[in-house]
Amino acid sequence: MTEMNIQEQIDGINRKLDLLLEEQQIQKQKRQEVEDLVKDVSIIGNDFVKSTVFELDQAGVELDGEALKSLIFRLIRNVDTINEMIEMLESASDLVRDLGPIVQQMGLDGIHKMSEFEQKGYFAFAREASQIAENVVSNFTAEDVRLLAENVVTILQTVKNLTQPDMMDALNNAVNVYKNLDPQNVQEVSLWKAFRMMNSPDMKRGIGFMLTFLKNIAQETRISRN
Numbered sequence: 022m023t024e025m026n027i028q029e030q031i032d033g034i035n036r037k038l039d040l041l042l043e044e045q046q047i048q049k050q051k052r053q054e055v056e057d058l059v060k061d062v063s064i065i066g067n068d069f070v071k072s073t074v075f076e077l078d079q080a081g082v083e084l085d086g087e088a089l090k091s092l093i094f095r096l097i098r099n100v101d102t103i104n105e106m107i108e109m110l111e112s113a114s115d116l117v118r119d120l121g122p123i124v125q126q127m128g129l130d131g132i133h134k135m136s137e138f139e140q141k142g143y144f145a146f147a148r149e150a151s152q153i154a155e156n157v158v159s160n161f162t163a164e165d166v167r168l169l170a171e172n173v174v175t176i177l178q179t180v181k182n183l184t185q186p187d188m189m190d191a192l193n194n195a196v197n198v199y200k201n202l203d204p205q206n207v208q209e210v211s212l213w214k215a216f217r218m219m220n221s222p223d224m225k226r227g228i229g230f231m232l233t234f235l236k237n238i239a240q241e242t243r244i245s246r247n
C-alpha cells in the first residue's frame, strides 16, 4: 500500500467524521430547540393553570385536581374517538357545503311553485274556504256537529241515492217543469174541471204514483222505527 492510498483513506475517514460531527451537532441543536419549546410551553401552561385556578377561586368554583387529571387521562385514552368525531364533523360540513346548491335550488323551485299557485288562485280559494269554515263554526254548535257525525252515514247514503242516474233524471224533469211554469199566470180551475182533469190517464197515473210513494214512505218509516 502506497503512501498516496493511505492518505486517501485518511481523508475519507476525516470526511466521514466531519459528517458525523455535523449530524451530531444538528441533532444536538434540535434537542435544544425541543427542550426550549418544552420549557416555554411549560411556563405558558403553568401560567395558564395558575390564572385559571385563580379565576375559578375568585368565582367560588372548587376545582377537583383528581377529577381534572382523570378527565385529561380519559381525553388522552379516547384521542382516537375524538379524532373520529372531528372527522365526522368535517364530513358533515362537507356534506352541508355540497347540499347547499341543491337546497338553494329546491327553495327557488318552491318559491316558483308558490307563485304559480298564487297566480292560479289556489290561495284565494283557500281563504274563501276558510270563510266557509268560519261561517259553519259561527252558526252550528258542538251538539250539531255531534249529531252530524252520528248521522253522517245516513246523509252520505241519501246523497248517494240522490245522485243515481234515475234520481237525477227525475229531479231534472221536476226542475224543468217548475222552470217552465209561470206562477203569475196559472189558470184558475173549477171543481168540476178539476174532477174532469183527474179522470184523464195522466192524472190517474200521477195520483197512483203519489199514493204509492206515500204508502212506501209510511212503510219505510214504520220499519225504521221498529
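In terms of our numbering, the sequence shown opens at residue 22 and continues consecutively. Don't be surprised by glycine CBs; every beta carbon is placed ideally from N, CA and C.
Here F216 carries a helix assignment [DSSP, helix/strand/coil].
The three-state secondary structure of S211, taken from DSSP, is coil. The beta carbon of I132 sits closer than 7 Å to none of the beta carbons in its chain outside the five residues before and after it. The C-beta distance from I228 to M219 rounds to 7 Å, short enough to meet the 8 Å contact threshold.
Secondary structure note for F144: its alpha helix (DSSP H) is the uninterrupted segment 143-160. For M224, the CB contacts under 8 Å within the same chain, skipping 5 residues up- and downstream, are M218 in chain order. Distance from the CA of N201 to the CA of P186, rounded to the nearest whole angstrom, comes to 22 Å.
Judged by DSSP secondary structure, L202 falls outside any alpha helix (DSSP H); it is assigned neither H nor E.
Contact annotation: N182 and M188 have beta-carbon atoms nearer than 8 Å. Close CB contacts of V59 within its chain, under the 8 Å cut and outside five residues either way in sequence, are absent. In the structure shown, the three-state DSSP call for S112 is helix.
In the DSSP annotation of this structure, the continuous segment of the alpha helix (DSSP H) that includes Q178 starts and ends at 163-183. For E29 and Q45, the gap between their C-alpha atoms comes out near 24 Å. Taking the CA atoms as reference points, Q126 sits about 10 Å from L120. Annotated three-state conformation of N99 is coil, per DSSP.
Taken atom to atom, the span from the alpha-carbon of V124 to that of N156 is near 40 Å.
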